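To start, the structure itself, in structure tokens.
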Amino acid sequence: MPSPMMKRLEAIEHRLRPDEDMPSCIRIARLDAEGNPAPILGWRENSTREPIEVFRQPNESDDDLADRALAAMQARPGRSPRSVVVMVQITDD
């Protein structure tokens, strides 16, 4: 069952028209104890019952990893083209 927050987000998405001003995703990254970005091992789709997880390949840049993760998540069957993907960083902790 979707949370109240997810219901509100879906209602907003339904009212919006897909255009170039709309973000394709929101990435939630973690910081270490000193406030520096934590190493990114991969990205996990947020707010789904069976989240897609995409892990870094050898020598893959942060941007290439994020692009690959977004493509995998947008390709999920049944996903609305107007929906915004929320990705949460996977770390080693």
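Under my numbering, the letters of the sequence shown match residues 28 to 120, in that order. By construction, the Cβ of each residue, glycine as well, lies at the ideal position given by its N, Cα and C atoms. Only a predicted model underlies this, so the values are computations on that prediction, with no experimental measurement involved.
Cα-Cα separation, residue i to residue j
i, j, result
"M32", "A38", "10 Å"
"P66", "T118", "6 Å"
"I55", "E61", "17 Å"
"S88", "P64", "15 Å"
"R76", "N86", "30 Å"
C-beta neighbour in chain D for residue i, strict 8 Å
i, result
"R57", "Absence of chain D from the displayed structure is noted, only one protein chain being present."
First and last residue of the uninterrupted alpha helix (DSSP H) at residue i
i, result
"R95", "89-101"
Residues near residue i in its chain [Cβ-Cβ closer than 7 Å; skip 5 each side]
i, result
"I79", "E72, A99, M100, R103"
Inter-residue CB distance, residue i and residue j (contact presumed, cutoff 8 Å)
i, j, result
"V112", "S51", "7 Å"
"L36", "W70", "Not confirmed; about 19 Å, so no contact."
"V81", "A96", "4 Å"
Unbroken beta strand (DSSP E) run spanning residue i, endpoints
i, result
"V115", "112-117"
"I79", "Careful: I79 lies outside any beta strand (DSSP E) and carries neither H nor E."
"P69", "Looking at the sequence shown, residue 69 is not Pro but Gly. Start and end: 69-72."
Residue i CB to nearest heavy atom of the ligand SAM below 7 Å
i, result
"G62", "Only the bare structure without any ligand can be found here, which leaves the ligand SAM out of the picture."
Residues near residue i by beta carbon distance below 8 Å, same chain, minus five either side
i, result
"I53", "V111, V112, V113, M114"
Pick from the options that is closest to residue i, judged by C-alpha positions
i, options, result
"Q84", "D94, T75, R76", "D94"
"M90", "L68, R106, D120, K34", "It should be pointed out that residue 90 corresponds to Asp in this sequence rather than to Met. Per the Cα distances, L68."
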